[in-house]
Amino acid sequence: MSPLRWIILLAGLAFVALAPTQMKNYGVYLTTLWCVYLIAGMGLNLTVGYAGQISLGQAAFLGIGAYTAAIMSKAGVPYLAIFPAAAALCFVVGLLLGFPALRVQHHYLAFATLGFNMLVFLVLRNEEWLTGGTFGINNIPRPTLFGWRFNRPLDFYHLTFAVLVLTGVLMAFLLRSPWGRAFAALRDNPIRAESVGINTTFYTLMAFAIGAAYAGIAGALFAPLVQFVEPAPFGFATSLSMLLMVIAGGSGRFFGPALGSVVVVLLPEWLRFAADWYLAVFGFLIVAMMIWLPGGLLSLPERVRR
Amino acid sequence: MTDFLQLVIAGTATGGCYALAALGFTLLWQASGTINFALGEMVMLPAFMMLFFMSVLGLPLPLAFLATLALSLLVMGYGFKRVVVDPLIRHDVITLVIATLGLSIGVRQAVKGVASAQVFTFPSVFSDTLLTIGGVRVSAGDIGTVVVACTIVLALQAFLNRTVTGRAMQAVAQNRDAATVLGIKVERMVLYAFLINAALAAVSALLITPVYLAKFDMGDTLGLKAFYAAIIGGFNNSRGALLGGVLVGVLENLVGTYISPGYKEGVALVLFMVVIVFRPQGLLGTVEERKV
Numbered sequence: 439m440s441p442l443r444w445i446i447l448l449a450g451l452a453f454v455a456l457a458p459t460q461m462k463n464y465g466v467y468l469t470t471l472w473c474v475y476l477i478a479g480m481g482l483n484l485t486v487g488y489a490g491q492i493s494l495g496q497a498a499f500l501g502i503g504a505y506t507a508a509i510m511s512k513a514g515v516p517y518l519a520i521f522p523a524a525a526a527l528c529f530v531v532g533l534l535l536g537f538p539a540l541r542v543q544h545h546y547l548a549f550a551t552l553g554f555n556m557l558v559f560l561v562l563r564n565e566e567w568l569t570g571g572t573f574g575i576n577n578i579p580r581p582t583l584f585g586w587r588f589n590r591p592l593d594f595y596h597l598t599f600a601v602l603v604l605t606g607v608l609m610a611f612l613l614r615s616p617w618g619r620a621f622a623a624l625r626d627n628p629i630r631a632e633s634v635g636i637n638t639t640f641y642t643l644m645a646f647a648i649g650a651a652y653a654g655i656a657g658a659l660f661a662p663l664v665q666f667v668e669p670a671p672f673g674f675a676t677s678l679s680m681l682l683m684v685i686a687g688g689s690g691r692f693f694g695p696a697l698g699s700v701v702v703v704l705l706p707e708w709l710r711f712a713a714d715w716y717l718a719v720f721g722f723l724i725v726a727m728m729i730w731l732p733g734g735l736l737s738l739p740e741r742v743r744r
Numbered sequence: 058m059t060d061f062l063q064l065v066i067a068g069t070a071t072g073g074c075y076a077l078a079a080l081g082f083t084l085l086w087q088a089s090g091t092i093n094f095a096l097g098e099m100v101m102l103p104a105f106m107m108l109f110f111m112s113v114l115g116l117p118l119p120l121a122f123l124a125t126l127a128l129s130l131l132v133m134g135y136g137f138k139r140v141v142v143d144p145l146i147r148h149d150v151i152t153l154v155i156a157t158l159g160l161s162i163g164v165r166q167a168v169k170g171v172a173s174a175q176v177f178t179f180p181s182v183f184s185d186t187l188l189t190i191g192g193v194r195v196s197a198g199d200i201g202t203v204v205v206a207c208t209i210v211l212a213l214q215a216f217l218n219r220t221v222t223g224r225a226m227q228a229v230a231q232n233r234d235a236a237t238v239l240g241i242k243v244e245r246m247v248l249y250a251f252l253i254n255a256a257l258a259a260v261s262a263l264l265i266t267p268v269y270l271a272k273f274d275m276g277d278t279l280g281l282k283a284f285y286a287a288i289i290g291g292f293n294n295s296r297g298a299l300l301g302g303v304l305v306g307v308l309e310n311l312v313g314t315y316i317s318p319g320y321k322e323g324v325a326l327v328l329f330m331v332v333i334v335f336r337p338q339g340l341l342g343t344v345e346e347r348k349v
């Protein structure tokens, strides 16, 4: 990256870190929610944008992470243990979901992940003894880490922001490592990748597992943010929003999900007045965007330059 | 035992409707490589068109159906192909998947905006008498649905295998370039597939809406079941769609009754997962080669 880009990046981060101090509680909540979705979106960008797998099941991992956090924190487990546990659980489940991906591609994979999402949703809704069914789990405590209580909305925002930066840096390192190249090779031409000695089985599974672990961490932040979990936010609609986040911003671009999640989290708030019609317009806008700008918003400068 | 048989027959009828929608889906995939995630909405839309023709214009059901069929062919066949699919087909599959997902949201919410989120009842084309055959009570509607669905599947198969046009469509599905060289009008064959898909969706709407009831989000579950039916049966086989649809319809009824109503919706899913892990080409499908 050039020095100019570093300056823009740092200025952007400083802005995001400080802007909520000037906001009301709801603004802080929305910005925190944006960070949470962004963490999950980064994971999905790895699976979809870099490794070229379709996933319509990211919300399921967000849900698994959120319920893990909810159940464990209710049981009195400290958050220092909850974050790794949520990430690890999602990593393992993501690994399992990766197995169908080894067998099938493209549309089959879209359905398989979508189906997985519905299955998780049904389990969350039906297994009342564990998840509280449709009533969900409420009064989830805000975390305490190293003796600090992140109880106030602004404090919790800063915790979320710190996790976001940490996971973002980790992702950047991962993508610059040989692993990142292997993921791209897997996306661009799986058969050629295999023939130059890349273990496609391993990297396909990893793309799913790491992407899922990111959603797990996001979920573990989502539960204490909202302080109430129920199955509804983890349905297929959320998975679709997340995929849109990645695609709308520009899939396979590091900052794609950051822009995409602004669109997906904030646009509904701004367009509240349109009520039902908002989603209709949103749907047709997606179609239009796929036709005229399939590379996402971040591909706009390149398109203009050409 | 009679309960069991009744469940199986009712399940077969629902399954037949899934199969019709699934059939259109597989045809589109074969003819043009189009993955249509708006399939459920393409069944929902004709249902509301028919309701519109009947309640607003006062047409009887048969006329309303014909008007809907014509409109479906125009909008969901020709229009869908020209406006959405043609500009997108040159990109990769995921672009089309997302565009059709967007389309399904758009159509669903637009219908909600126009017709409200209310549930509308829908008249059946068949009489609602109950027949008793050997102690098993069967509704005439279920039998009629099964008969219509089977007839359409068989007729479509005969069309694809026996007529010149049908065989040309198959040729396009197998190898576009070779079909072009042989002088087949590829674009026209693809258009036929879109038209057939639209017609099948309209018939499916006519048969299933009396049971499912017309609601703006009825396509949600319906579309999914049809996808799963298509994949379970085999993506590149017309009879596969029928087998998959009926299998899903029957097992759903059995699981919902004997195991747990909460997991009824999960049946198609589990079946689908098992199929793609052990037999990805589907029960009746053949393996497609990967291209480098």
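So the sequences go chain by chain: L and H.
Residue numbering for the first sequence is 439 to 744, as defined by the working numbering.
Residue numbering for the second sequence is 58 to 349, as defined by the working numbering.
Don't be surprised by glycine CBs; every beta carbon is placed ideally from N, CA and C.
Leu187 (chain H) carries a strand assignment under DSSP once its states are collapsed to helix, strand and coil. According to the DSSP assignment, Ser196 (chain H) belongs to no alpha helix (DSSP H) but to the beta strand (DSSP E) extending over Val193 to Ser196. As the crow flies, the alpha-carbon of Gly649 (chain L) is around 15 Å from that of Phe554 (chain L).
In this structure, Asn218 (chain H) keeps its C-beta atom at 9 Å or more from the C-beta atom of Trp86 (chain H).
Residue range Pro591 to Arg614 is occupied by the alpha helix (DSSP H) that includes Val607 (chain L). In the DSSP assignment, no residue is bridged to Thr83 (chain H). Beta-bridge analysis with DSSP links Trp586 (chain L) to L:Leu583. About 6 Å separates the Cβ atoms of Arg194 (chain H) and Gln63 (chain H), confirming a contact at the 8 Å cut-off. Beta-bridge pairing by DSSP links Ile575 (chain L) to L:Val667. Residues of the segment 559-589 of chain L with a C-beta less than 8 Å from any C-beta of chain H: Leu560, Arg563 and Asn564, listed in chain order.
Chain order gives the chain H residues near Ala718 (chain L) as Ile162, Gly163, Val164, Arg165, Gln166, Ala167, Val168, Lys169 and Gly170, where near means a beta carbon separation below 9 Å. Scanning chain L for C-beta atoms nearer than 9 Å to the C-beta of Met330 (chain H) yields Pro538, Ala550, Gly553, Phe554 and Leu557, reported in chain order. The segment 478-487 of chain L makes contact with the segment 597-609 of chain L; the number of CB pairs closer than 8 Å reaches 3 or more. The three-state secondary structure of Phe177 (chain H), taken from DSSP, is strand. If you check the CB distance, Gly465 (chain L) and Phe660 (chain L) do not come in under 9 Å.
Within chain L, no residue has its beta carbon less than 8 Å from that of Thr83 (chain H); the closest one is some 11 Å off.
Nearest neighbour of Leu456 (chain L) by Cα position, chosen from L:Ile629, L:Leu597, L:Phe692 and L:Leu624, turns out to be L:Leu597. Taking a C-beta distance under 9 Å as the contact criterion, Ile200 (chain H) and Ala70 (chain H) qualify as a contact pair. In terms of CA proximity to Trp617 (chain L), L:Ala489 leads the group L:Ala452, L:Asn463 and L:Ala489. Taken through DSSP and simplified to helix, strand or coil, Ala206 (chain H) comes out as helix. Cα atoms of Arg563 (chain L) and Arg296 (chain H): separation of roughly 35 Å, rounded to the nearest angstrom.
At a cut-off of 9 Å between C-beta atoms, Leu735 (chain L) does not count as an interface residue with respect to chain H. With respect to chain H, the C-beta atom of Trp715 (chain L) has a partner C-beta closer than 9 Å. Secondary structure note for Gly90 (chain H): it is in no alpha helix (DSSP H), with a DSSP letter that is neither H nor E.
Contact between Leu735 (chain L) and Gly687 (chain L) holds, with the beta-carbon distance rounding to 6 Å and staying under 8 Å.
As the crow flies, the alpha-carbon of Ile209 (chain H) is around 31 Å from that of Gln166 (chain H). Any Cβ of chain L closer than 9 Å to the Cβ of Gly159 (chain H) would place that residue at the interface, and such an atom is present.
Per DSSP, Asp149 (chain H) lies in no alpha helix (DSSP H) segment and is marked neither H nor E.
In the three-state reduction of the DSSP assignment, Ala67 (chain H) falls in the helix class.
Annotated as distal: Phe122 (chain H) and Val168 (chain H), with beta-carbon spacing of 9 Å or more. Leu697 (chain L) and Gly571 (chain L) have their alpha carbons spaced roughly 34 Å apart. One thing to note: Leu547 (chain L) has its Cβ no nearer than 9 Å to the Cβ of Ser677 (chain L). Sequence-distant partners of Gly342 (chain H) (beyond 5 residues in either direction) whose C-beta falls short of 7 Å from its own C-beta, in its chain, are Gly291, Phe292, Asn293, Asn294 and Gly297. For the segment 443-465 of chain L, there are no residues whose beta carbon sits under 9 Å from a beta carbon of chain H. One thing to note: Leu102 (chain H) has its Cβ within 9 Å of the Cβ of Val164 (chain H). Counting the other Cβ atoms within 10 Å of the Cβ of Asn310 (chain H) gives 16 or more, which makes it buried.
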